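Residue numbers (my numbering): 6 to 262.
Backbone N, C-alpha and C define an ideal beta-carbon position, used for all residues, glycine too.
Everything numeric in this text was worked out from a predicted model, so none of it was measured.
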Amino acid sequence: MSHSKISKSVNWAGSTYLRPESLDYAYSVVRPMRFYTEGILLGSGSCFLVGLNGRAYAVTAKHVPINQMARFEEARILMPGSDYSLPIIGHFCPRSTHLTDEHIDILVYLVDLDKFRSLGGGEVAFIDLDECFFPAKHLIGKGAAVVGYPALDDRYDYENKKIYDTILVRTGSISESIYGEPIYMLSSTPSLNTFDGLSGSPVFGATNRTALVGMVVRGTNSSGILHFIDFTVVLSALLVHQADHPEDPAASTILNA
């Protein structure tokens, strides 16, 4: 079983900030991932849980399992206060005729909340995209925060056969990226902590309320820079998938009927 501890950073670049209750909310929806094959741990990563039109999903970067030579279906999404991972019953990756692979580095999992509840897992917190989404392009120069699980060297307790997940909040300001729209950049101060493992983490912007604005796809701790996809791309992919699968049995509803 895996345990989690929290590492916080709350100094903002700019005048905006996340309130403590907003940080608690972020912790509840950002989850660590594991990738196993035949019981062997291949690697780990970050993902976050979203809800749209009554359906629930887990979102991460497509390259996260690929770079660890894991199959998409080998993911395990760890849940707080539970010995059970969130059941995954499907996945999809968006396609585009006009965006590059780098611009759609997105992997979406369909999750079975009913099964998780039946196992005693309880209710699951999600980002409600009907209320908590804002385009990154309208927040240039504003403050933002990345919340995820970095691949720290000291997370392995080999003696007790445990992995300790440290959740990290990295703050900075949003600007345009050298990779072009729809990728943007969060600039903060250089860090000694690795940014490895933060791909697939959500980016929250501080508008009049905390809003989801993007998903991390790359970063370098020595520069303090993280690049992220504007969440409008992910949202569009979710809407297209729902339109193509209006009665998709693999799309678990957020609430029981």
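Comparing alpha carbon positions, the residue from D133, E107, G125, K120 closest to V218 is D133.
Following the DSSP letters along the chain, one finds D135 in no alpha helix (DSSP H), marked with neither H nor E.
Within the same chain, Cβ atoms closer than 6 Å to the Cβ of A63 are found at C52, L54, I82, Y114, V116, the five residues on either side in sequence being excluded. For L46, the uninterrupted beta strand (DSSP E) segment begins and ends at 45-57. Between P155 and F209, the gap from beta carbon to beta carbon reaches 8 Å or more. In summary, P207 is buried, with 16 or more beta-carbon neighbours lying within 10 Å of its beta-carbon over all protein chains present.
If you look at K167, you'll find it in the beta strand (DSSP E) that goes 167-181. Exclusion of the five residues before and after G125 leaves S87, Y89 as the residues of its chain whose Cβ lies within less than 8 Å of its Cβ. Contact check between the region 105-114 and the region 67-83: three or more CB pairs, one atom from each, fall below 8 Å, which counts as touching.
Taking 4 residues as the shortest admissible run, the region 229-257 contains the following complete alpha helix (DSSP H) segments, listed from N- to C-terminal end: 236-249.
With fewer than 16 other Cβ atoms inside 10 Å of its own Cβ, G59 counts as exposed. When beta bridges are read from the DSSP output, F97 appears opposite V113.
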